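Using the working numbering, you'd call the opening residue of the sequence shown number 5 and step up by one each time. Report on the following structure.
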Amino acid sequence: MPHTDQTHRTDIELIPAHTGTTPFGTCYQQCVANLAAWYGLSDAEDVLVTTGGFGWDGGSVLRGGDRWVTAAARLHGLPVQERRFGSYEELRALEEAELAAGRPLAAAVDAYWLPSEYEGVEHLAHCVLLTGRDADGVTVVDPMNHPEPVRYPEERWRTLRSADAADGFRTFLLSGGPTRKPSAHDLARAVSEDRRAHHERDTAALAAYIEACDAAESGTLDVSGAAADRHFLGRLFRHLAVSLPELEAVAVEAASLTRRWYLVHTLSRESGGSPEGRRRLVRMLRDLRGREERLAAHVDEAVAALGA
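Next up, the structure:
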């Protein structure tokens, strides 16, 4: 349960339930799952994400559908929000208020400034848990790289949070535990319903991204956002298949699809965006588009067969 010691500084005792290295781009979901678990959501890392989809705003980055937060709030009754801020001062006031109320939060930072394989090497978005603050600095828990409390001076934290990689001071807030407990059937049905509700938009975003990649002569691709959603959907189906064996084949197919998305991401980073490598990646993306459609059809069929 939440515990706050305000004698010297606002520190909250939070031992992350979900730790260790997870695939590229999954740190946000991992951190929010840890907040949800702290508030009492069972198997949080397995049941938090029920959405896939795609989002593209131009450029080299293919996002996921960005619907997992609102879906988790609806399905589990979790008071969770995703926020961005216009200034560090606005952000700091929010952080202080949340921590003073005994509520840790998930914070986007630049991995370049954190102990990790990217420290001093590459500017990349990462997510950590903010559990304490005083006039001199903050207390941070990094579930992926260092799942124990670490202190950072205030100026270092400002640098971490203000970097471009932190995406507008991206922050996830959770103010309480789940008020609903969806069944395995509910969760499976939610995946199918989300896909059908957003199919046209998602299909258009992926198609536009592939065509833009095909038209460009060189440059790396970043599909980690889309891959991260697939990673957690794969975890969800594996979890559901324990009580619903009818979903076993879907779980296997979802895991295979996740590996293929991450293969595209890894090959792109390793190729450095060469024209030859890019042409290969575009072919792989077209193949993935077909695999996405087939998995979606199999999910719909499995859910219909469950009578969910």
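Every residue, glycine too, gets a C-beta built ideally from N, C-alpha and C. The structure displayed is predicted, hence computed values, not measured ones.
- A Cβ-Cβ distance of about 7 Å is found for the pair Phe-58 and Arg-67, placing them in contact under the 8 Å criterion.
- Beta-bridge annotation (DSSP): Tyr-156 is paired with Val-142.
- Every alpha helix (DSSP H) stretch that sits fully inside the segment 68 to 149 and reaches 4 residues is listed by chain position as 72 to 80 and 92 to 104.
- Non-local C-beta neighbours of Leu-128 in its own chain, meaning closer than 8 Å and more than five positions away in sequence, comprise Asp-114, Ala-115, Tyr-116, Tyr-122 and Ala-169, ordered along the chain.
- Considered as a whole, the segment 185 to 265 harbours no complete run of any beta strand (DSSP E) with no fewer than 3 residues.
- Counting along the chain, Leu-39 sits inside the alpha helix (DSSP H) bounded by residues 31 to 42.
- In the structure shown, the three-state DSSP call for Gly-59 is strand.
- A straight-line Cα-Cα distance of about 22 Å links Pro-153 and Leu-45.
- Of the residues assessed, Ser-196 falls on the buried side of the cut-off, its CB having 16 or more other CB atoms within 10 angstroms.
- Straight through space, the alpha carbons of Ala-111 and His-302 are spaced by roughly 36 Å.
- Closest by C-alpha distance to Val-53, out of Cys-217, His-235, Asp-206 and Pro-108, is His-235.
- By the 16-neighbour rule on beta-carbons within 10 angstroms, Ala-75 is buried.
- Going by C-alpha positions, Pro-119 is about 43 Å away from Val-307.
- For the 8 Å CB-CB criterion, His-80 and Pro-182 form a contact.
- A Cβ-Cβ separation of about 11 Å leaves Met-148 out of contact with Gly-29 under the 8 Å criterion.
- Between the C-alpha atoms of Leu-177 and Arg-205 there is a straight-line separation of about 27 Å.
- Scanning Asp-304, Leu-82 and Tyr-32 for the CA closest to the CA of His-130 turns up Tyr-32.
- In the three-state DSSP reduction, Thr-26 falls in the coil class, being neither helix nor strand.
- Secondary structure of Pro-279 (DSSP, three-state): helix.
- Leaving aside the five residues that flank Asp-140 on each side, the residues in its chain whose CB is nearer than 7 Å to its CB run, in chain order, Pro-157 and Glu-158.
- Between the C-alpha atoms of Ala-104 and Ser-166 there is a straight-line separation of about 22 Å.
- Sequence-distant partners of Tyr-43 (beyond 5 residues in either direction) whose C-beta falls short of 7 Å from its own C-beta, in its chain, are Leu-178, Gly-180 and Gly-181.
- By the Cβ neighbour-count rule, Ala-97 is exposed, with fewer than 16 other Cβ atoms within 10 Å of its own.
- Looking at the backbone, the Cα of Ala-259 and that of Arg-239 are separated by about 8 Å.
- Measuring C-alpha to C-alpha distances from Ala-216 to each of Val-36, Gly-62, Thr-26 and Glu-49 identifies Gly-62 as the nearest.
- In the DSSP assignment, Phe-176 falls within the beta strand (DSSP E) that extends over 175 to 178.
- Here the alpha carbon of Glu-280 sits roughly 45 Å from the alpha carbon of Leu-310.
- Distance from the CA atom of Gly-277 to the CA atom of Ala-230, rounded to whole angstroms, is 19 Å.
- Rounded to the nearest whole angstrom, the CA to CA distance from Leu-82 to Glu-250 is 28 Å.
- Check the Cα spacing between Arg-283 and each of Asp-50, Ala-209, Leu-225 and Arg-184: the tightest is with Leu-225.
- Our two residues, Arg-242 and Lys-185, have alpha carbons roughly 18 Å apart in a direct line.
- One thing to note: Val-36 has its Cβ within 8 Å of the Cβ of Val-84.
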